[in-house]
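Here is the structure we will look at.
In the working numbering, the protein residues as written are 2 to 55.
The following block contains the structure:
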């Protein structure tokens with residue numbers, strides 16, 4: 002998940018999601034959950050492979 006906004010918007014005590022909130026569905030091969038060092042290494046490998054396909 003990604004959230005874009007200004008620091009001011011995140012610090013206000015209003016509901017986080019508003020009428021202009023929407024989702025963007027990414028293909029599985031275009032996203033990588035990174036929680037560990039091995040996740041990071043997997044993301045680097047995926048990036049290298051995708052760059053080679055250009």
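Ideal Cβ positions, reconstructed from N, Cα and C, are used throughout, including at glycine.
Q. If you compare alpha carbons, which of 6, 51, 3 and 7 is closest to residue 30?
A. When each option's Cα is compared against that of residue 30, the closest is 51.
Q) Considering only residues of the same chain and omitting the five flanking positions on each side of residue 34, which have a CB-CB separation below 8 angstroms? A) Hits under 8 angstroms: 40.
Q: Provide the residue span of the alpha helix (DSSP H) that contains residue 1, from first to last.
A: For residue 1 there is no data in the structure shown, the boundaries of the chain being 2 and 55.
Q) In angstroms, rounded to a whole number, what distance separates the CA positions of residue 22 and residue 5? A) One Cα belongs to residue 22, the other to residue 5, and the distance between them is close to 10 angstroms.
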